[in-house]
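Here's the structure we're looking at; comments come further down.
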Amino acid sequence: MLIKNLSTWKGLVNGATGTVVELVKSVNVDGVCPDNLLPIVKFDSGKVLKIKPAEWHVMVGNKIVATRKQIPLILAWALSIHKCQGMTLDKAYINLSRAFGCGMVYTSLSRVRSMDGLHLSGFTPSKILADHKVSEFYRNFALQHNNKDLHNGRTMSTENSSSSITCASEKAGTVVTKRYFSLSEFLARRSLL
């Protein structure tokens, strides 16, 4: 995993993951790589790049007081939920036994592209925590839209209360459907509970 932005427009940013596919001889890396070997990394995005040493500076005011030079890679056999926030993964094995904060379960479950790539352990429904302010916001939002719909003579219907809610929007002729699914039903079907 990269630990420094190398090229943001190419997606070679802090947190990008890949596989070291080769080590190649290089020159002028004696201070960092005694054997003069640099890694070639094939990133999950498909890009392949020789990773050269990078420098970090410790500043006090405008003055550099220390410099560190290293290959900007670390092992990434596992990632914390916080580190994978914002990533999209093809596969993930997620251990939720120590999930403790609001939104942690959602953040971890929403990283994978498909349910086929999701493997869980340590899941209990009590680990799903929502911030009370977020819950209150959505409760008020639903009440406001329900009142508007009743006031305007529109009805708010539920096709199947566990799967979707359909309501008319402010724009005439537009119907908004929000789909939900029962995680416990899904996990039971996959024999994970």
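Here the sequence shown stands for residues 1 to 193, where the numbers follow the UniProt record's numbering.
In this text, a Cβ means the ideal position worked out from N, Cα and C, and glycines have one as well.
- Local conformation of THR107 per DSSP, three classes: Along the sequence shown, read from residue 1 onward, the residue named residue 107 stands at position 107. Helix, per DSSP.
- Task: Buried or exposed for ALA16, please, with buried defined as at least 16 other CB atoms from any protein chain shown within 10 angstroms of its CB.
- Result: Looking up residue 16 in the sequence shown gives position 16. By the neighbour-count rule (16 or more Cβ atoms within 10 Å), ALA16 is buried.
- Query: Do you know how far the Cα of LEU129 is from the Cα of TYR93?
  - Reply: As a working note, residue 93 is residue 93 in the sequence shown. As a working note, residue 129 is residue 129 in the sequence shown. Their Cα atoms are separated by approximately 20 Å.
- Determine the DSSP secondary structure at ARG98, reduced to helix, strand or coil. Position 98 of the sequence shown, counting from 1, holds the residue named residue 98. In this structure, ARG98 counts as coil in the three-state DSSP scheme.
- Message: Threshold first: 3 residues or longer. Then list the beta strand (DSSP E) segments lying entirely within the stretch 53–81, N to C.
- Response: 54–60, 63–70
- Compute the Euclidean distance between the alpha carbons of THR19 and ASP44, then round it to the nearest angstrom. What you label residue 19 is simply residue 19 of the sequence shown in a count that begins at 1. What you label residue 44 is simply residue 44 of the sequence shown in a count that begins at 1. So the alpha carbons of these two residues sit roughly 8 Å apart.
- Rounded straight-line distance, which links the Cα of ALA99 to that of HIS82: Working through the sequence shown from its first residue, we reach residue 82 at position 82. Working through the sequence shown from its first residue, we reach residue 99 at position 99. Cα to Cα, the separation comes out at about 11 Å.
- Beta carbon proximity, HIS132 to chain B, threshold 7 Å: The structure shown contains no chain B; it is built from a single protein chain.
- What span of residues does the beta strand (DSSP E) with THR17 cover, start to end? Residue mapping note: residue 17 aligns to position 17 of the sequence shown, counting from 1. Careful: THR17 lies outside any beta strand (DSSP E) and carries neither H nor E.
- Item | Beta-carbon gap between ILE40 and LYS25 smaller than 7 Å | By 1-based counting over the sequence shown, the position of residue 40 is 40. By 1-based counting over the sequence shown, the position of residue 25 is 25. Not in contact: ILE40 and LYS25 (Cβ atoms no closer than 7 Å).
- Query: In three-state terms, what does DSSP make of SER121?
  - Reply: Within the sequence shown, the letter at position 121 stands for residue 121. Three-state result, SER121: strand.
- Coil, strand or helix - ALA92 by DSSP: As a working note, residue 92 is residue 92 in the sequence shown. DSSP places ALA92 in strand when its eight states are reduced to three.
- Item | Buried versus exposed call for PHE137 [16 or more other C-beta atoms within 10 Å across all chains shown] | Numbered from 1 along the sequence shown, position 137 holds the residue referred to as residue 137. Looking at its Cβ environment, which holds fewer than 16 other Cβ atoms inside 10 Å, PHE137 is exposed.
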